[in-house]
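Position one of the sequence shown corresponds to residue 1 (full-length UniProt numbering), numbered consecutively onward.
Yeah, the Cβ is synthetic: ideal placement off N, Cα and C, and Gly gets one too.
Since the structure comes first, as structure tokens, the remarks are kept for the end.
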Amino acid sequence: MKILAIDDQKLILLSVEKRLSEIGYEVQTANSIESGIQLFNSFKPDLVLLDMNMPEMSGAELVSCTGTEVVKYIRVFMKNDTPILVMSGNTDEQLIMENFALGVNDYLKKPVSLDEMAARVKRIIGAPANKGVITAKKSDTRILQKNCVGVVIPCYNEEERLLSEEFKEFAHKNLGYHLCFVNDGSTDNTLAVLQKLKKDNPDNISIYNCKQNGGKAEAVRQGILHLVKDQQLDYIGFLDADLSTDFRDFDDLVKTIESSDFKIVSGSRIARMGANITKESARKVISMSINLIIQTILGMPFKDTQCGAKVMDREIASKMFNKKFVTKWLFDVELFMRMKKYFGKTEVKSMICEQPLKRWIHADGSKLSMKDSVKIVGQLAQIAVHYR
């Protein structure tokens, strides 16, 4: 049995193709409406698995099209009754009903598990014969996300602290996330650890290697500019390598930006009383006095700009990270200053959301000493002068 999967996001296509092939289906993929229609004519599938929202090239511009065009082509133009299963993050009820009226057989809303996708396919066209095919192993609940998200993880001498198994498990289970580790000129075996991590997850993990240490700000900037080039990514964010911010909290940040008009959603360790936050060893949450200085410089009431967990619209990432930052540590403050300067103080307040984390744990081995923290005031002064 043959299946044609059409989706503009390769992260999704790779996972769908692998899962259905494991079960025993013959799968071909297309990442555009045009190539999908061409493959439909030549491949003659038994089922079409289709995304709703796909950008198409029109001259030099990317325009938003819908998979409805494929449905119309198959049902109206070709008068073909090949089963069509739509799998999309688009929850527009009018669009869903329009596609059912055109003759789609089923509609799956992302996020959705690979198991459910496979079950729906089997219900529509039946199970493959599996002659000589090894069936997939027992499921471990891998989820196709609503959108594709790139996450930059800066690393400097993280050989001992890099929680490889946690990164590996997240990349394996959350399909649609791409983890980009930036090796910031490490002098230990961090690069070797990252290469092993990538080897086990080649489709969802990449490494951006900086030969010289440039500091966290530049490492994050380089990683974001690298990910911005990947058109399949809807959102881009960054996360600390020690996972002091839990992946579950980061996923909550993504869900907030997906369901709102915010351009940046930033984690906050101190915005909610009673949150499960622990303070260990010498490093503590930035003192209230430092926060007051930051709020004064920004002219906005953000309580925890320095939390190392943020996700943003890809357009904002492209515009706000195109130039080097003045400081090595406080680039988060600079990011908000750039937003304020570009969009204006009034508008920017509605573009940034500070979301409380449910958990935050300091990991031992932090690179920031108490002596380093004294330098923060000086760097804040630099920022105030530079962006005035």
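Leaving out five residues on either side along the sequence, give the residues of the same chain with a beta carbon under 6 angstroms from the beta carbon of Gly103.
-> Arg75
Could you check where the beta strand (DSSP E) with Val254 kicks off and where it finishes?
-> Taken as a continuous stretch (DSSP letters only), Val254 belongs to no beta strand (DSSP E), being part of the alpha helix (DSSP H) at Phe247 to Glu258.
Contacts around Thr68, its chain only, beta-carbon distance under 8 angstroms, and the 5 residues preceding and following it disregarded = Met52, Leu95, Glu98, Asn99 and Leu102
So is Ala129 buried or exposed if we call it buried at 16+ other beta carbons inside 10 Å?
-> exposed
Counted within 10 angstroms of its Cβ, other Cβ atoms place Glu165 as buried (16 or more) or exposed | exposed
Taking only runs that begin and end inside the segment 12-50, name each unbroken alpha helix (DSSP H) of 4 or more residues, in chain order.
-> 33-43
What are the residues that DSSP puts in a beta bridge with Phe181?
-> Ile153 and Ile207
Tell me whether Thr327 is buried or exposed, calling it buried when 16 or more other Cβ atoms sit within 10 Å of its Cβ.
-> buried
Report the partner residues of Glu354 according to the DSSP bridge assignment.
-> Ser266
Beta-carbon contacts of Lys255 that lie in its chain and below 7 angstroms, excluding the five residues immediately before and after = none
Are at least three pairs of beta-carbons, each pair with one atom in the segment 197-204 and one in the segment 150-161, less than 8 angstroms apart?
-> no
Sheet register partners of Ala5 (DSSP bridge) | Thr29 and Leu49
Under 7 angstroms Cβ to Cβ from Asp246, same chain only, skipping five residues before and after it: list those, please.
-> Arg359
Contacts around Met320, its chain only, beta-carbon distance under 7 angstroms, and the 5 residues preceding and following it disregarded = Leu335, Arg338 and Met339
Taking just the CA atoms, how far does Asn322 sit from Arg272?
-> Confidence in Arg272 is poor, its pLDDT being 47 and thus under 50, which makes the residue's placement unreliable; the coordinate value appears in the next sentence. Roughly 33 angstroms separates the two Cα atoms.
Report yes if the C-beta distance between Ser350 and Lys310 is below 9 angstroms; otherwise report no.
-> no
Element boundaries [alpha helix (DSSP H), containing Gly223] = Lys216 to Val228
Ordered along the chain, which non-local residues of its own chain (more than five positions away) have a Cβ less than 8 angstroms from that of Phe343?
-> Met351
Return the bridge partner residues of Asp106 from the DSSP annotation.
-> Leu85
What are the residues that DSSP puts in a beta bridge with Ile143?
-> Ser113 and Asn174
Proximal residues to Lys122 (C-beta, below 6 angstroms), its chain only, five neighbours per side dropped | none
Do the CB positions of Asn174 and Arg142 come within less than 9 angstroms of each other?
-> yes
Counterpart residues of Val311 in DSSP-defined beta bridges = Gly237 and Val265
Glu347 versus Gly299 - alpha carbon distance | 13 angstroms
By DSSP, does Arg338 sit in helix, in strand, or in coil?
-> helix
Among the residues of its own chain, which have a CB less than 8 angstroms from the CB of Lys345, if the five just before and after it don't count?
-> Gly299 and Met300
Under a three-way DSSP split, which group does Met78 fall into?
-> coil
Quick one: residues in its chain with C-beta nearer than 7 angstroms to the C-beta of Pro45, no 5 flanking neighbours on either side, listed in chain order?
-> Lys2, Ile3, Leu4 and Thr82
What do you get for Met117, buried or exposed, if any count of 16 or more other CB atoms within 10 angstroms of its CB means buried?
-> buried
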